[in-house]
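To start, the structure itself, in structure tokens.
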Amino acid sequence: MNATKSLDAPIYHHMTQQPAHDATRASLSDRRHSLRGPVQSKAKVALLDGDKPGVKHDVLTRDASLSGISFLLRESWQVGQQCEIEFEANGHPARKYHAEVVRSRPISAGRFEMAVQFRKQV
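Counting along the sequence shown from 1, when you hit position 24 you're at 24 in my numbering, and nothing is skipped either side.
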């Protein structure tokens, strides 16, 4: 199942596809294909590879798009690592995805902003 098509729940009703020709809104370094919006929700994340596979972390999501989600974490994951994320929003049932870390950056002492891109719903 295509993860992008599976994210058609009402929690994403305010997000639309970004026109490819709109150069003023998308920089060359921004590969996002859909707009993101604030979605604060509790989530559980766990790496599927690396040193600590399967260890679950409770996180709060920051924003989401049709293709991914970001959250804060107290450890740094590496870009390219595979993870699993389970979250719910606006009272909808929890959804679980396999995802890939696409951004990992420190934001304050001991906290990192992680961004993951959905690969498939599980």
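We put the beta carbon where it would ideally sit given N, CA and C, even for glycine.
>> Whole angstroms are fine: how far does the CA of Glu100 sit from the CA of Ser76?
In response: The alpha-carbon separation between Ser76 and Glu100 amounts to approximately 14 Å.
> How many Å lie between Gln117 and Gly91 at the Cα?
Replying inline: Rounded to whole angstroms, the separation of the alpha carbons of Gly91 and Gln117 is 22 Å.
> How far does the beta strand (DSSP E) with Lys44 in it reach, from first residue to last?
Replying inline: DSSP places Lys44 in the uninterrupted beta strand (DSSP E) bounded by 42 to 47.
>> Count Cβ pairs between the region 105 to 112 and the region 47 to 66 that sit closer than 8 Å; are there 3 or more?
In response: Taking a cut-off of 8 Å for Cβ pairs, the region 105 to 112 and the region 47 to 66 do not touch, as fewer than three such pairs fall below it.
>> Could you give the first and the last residue of the continuous beta strand (DSSP E) run that contains Ala99?
In response: Note, Ala99: beta strand (DSSP E), 95 to 108.
>> Taking 9 Å as the threshold (C-beta atoms), are Leu73 and Val39 in contact?
In response: A distance of 9 Å or more separates the beta carbons of Val39 and Leu73.
> Taking DSSP as the reference, what is the three-state secondary structure of His57?
Replying inline: Residue state, collapsed to three classes: strand.
> With respect to the beta strand (DSSP E) encompassing Arg74, which residues constitute its N-terminal and C-terminal limits?
Replying inline: Element bounds for Arg74: n/a, residue is neither H nor E.
> Where Leu47 and Phe87 are concerned, what is the direct C-alpha to C-alpha distance, given to the nearest angstrom?
Replying inline: Roughly 15 Å between the two C-alpha positions.
> Which stretch, first to last residue, makes up the beta strand (DSSP E) that contains Glu113?
Replying inline: In this chain, the beta strand (DSSP E) harbouring Glu113 covers 111 to 121.
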